[in-house]
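Residue numbers (the working numbering): 4 to 351.
See the structure below:
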């Protein structure tokens, strides 16, 4: 009997360590319980397995009944709590609820943003490609800032090694699809926004239709294939693109917008680096707070672009060296003959 209890505890603990969802772990325990009950009902009374599990089926049936009652109570209590949650009154299209005005008060006080700028944020639609190191802070601050619709696309699941720097995820959500983990964090932070999670990879076939529904694209991916793809699709759709990258102690950010006279990503990086020349974070490592700094800069650039505040990084590459505390800004220009944008401030 004790050995069976220990086995159940081990199954639960190992499932948590390896990121098995709670419902699946409950199903495993239910299968174990059912196997014991069937053993008592089918096997001879003197069978060693029956003796090892208490010798009688009645205690196991009682245990199963208690578990069902507890589970039913929790489900009913959750349903009652959801029904008891106050329903926020709907606001007119484009208008702010009183709770939103209080939430965004510090923005509205800023001369460069104000009420009109906050309204533009509320009406904006931003797509973030990647819910990893750069996507984590960018998504959280876009949600906090009140961007009305935020889409996030990523095909990966949360792993324990992500949590050192991907602050939008939690230990309890290991094993979840990253987009759903990110969506839960964003909705918990700001219930007044719409979050659209896309659990898939961005492809040539789907990118055009997806990007067409958004005003601004943020690219926080860590591979050049996706970066070049996002750039091509953004240029073809005439959408501005804020792209960030990090490695070890250094990060960089720029806003690419050929339709407004700036260069595109491929103007700046015409050829992908040779294999091994630019290692990924998984290969070379990255200091934990660096994605937070660079991803936050991406969010700041997004807010500036959407509200018209200040000067954005269009036509400039911001490089941040965390190890030595240095920041450099390099001017960028369209590259003549660029196969993506044509190098003349417009799509080629």
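Beta carbons: idealized from backbone N, C-alpha and C, even for Gly.
{"Asked": "For a minimum of 4 consecutive residues, which ranges assigned as the alpha helix (DSSP H) are wholly contained in the stretch 107-195?", "Found": "108-112, 117-126, 138-148 and 181-192"}
{"Asked": "So, is residue 121 buried or exposed, given that buried needs 16 or more other C-beta atoms within 10 angstroms?", "Found": "buried"}
{"Asked": "Could you please give the first and the last residue of the uninterrupted alpha helix (DSSP H) stretch that includes residue 269?", "Found": "268-271"}
{"Asked": "Does the stretch 123-139 come close enough to the stretch 303-310 to have 3 or more Cβ pairs within less than 8 Å?", "Found": "yes"}
{"Asked": "Return the bridge partner residues of residue 317 from the DSSP annotation.", "Found": "258"}
{"Asked": "If we count the other Cβ atoms within 10 Å of its Cβ and call it buried at 16 or more, is residue 332 buried or exposed?", "Found": "exposed"}
{"Asked": "May I have the straight-line CA-CA distance separating residue 325 from residue 73, to the nearest angstrom?", "Found": "52 Å"}
{"Asked": "Rank 322, 273, 302 and 133 by C-alpha distance to the C-alpha of residue 340 and give the top, closest one.", "Found": "273"}
{"Asked": "On the CB-based measure, 16 or more other CB atoms within 10 Å of its CB, does residue 157 come out buried or exposed?", "Found": "buried"}
{"Asked": "Rounded to whole angstroms, how far is the Cβ of residue 298 from the Cβ of residue 180, which I believe are closer than 8 Å?", "Found": "About 20 Å separates the two Cβ atoms, so there is no contact after all."}
{"Asked": "So, under 8 Å CB-CB, residue 238 and residue 222 are touching, yes? Tell me the CB distance rounded to an integer number of Å.", "Found": "Going by Cβ atoms, the distance from residue 238 to residue 222 rounds to 13 Å, so no, they are not a contact pair."}
{"Asked": "Can you tell me which residues form a DSSP beta bridge with residue 250?", "Found": "253"}
{"Asked": "Kindly list the residues whose CB is nearer than 7 Å to the CB of residue 190, restricted to its own chain and excluding five residues on each side of it in sequence; keep chain order.", "Found": "198"}
{"Asked": "Would you mind stating whether residue 200 and residue 155 have Cβ atoms separated by less than 9 Å?", "Found": "yes"}
{"Asked": "Could you compute how far the alpha carbon of residue 349 sits from the alpha carbon of residue 337?", "Found": "Because residue 349 sits at a pLDDT of 47, beneath the cut-off of 50, its placement in the model cannot be relied upon, and the following sentence gives the value as read from the coordinates. Cα-Cα distance, rounded: 9 Å."}
{"Asked": "Is DSSP giving residue 202 helix, strand or coil here?", "Found": "coil"}
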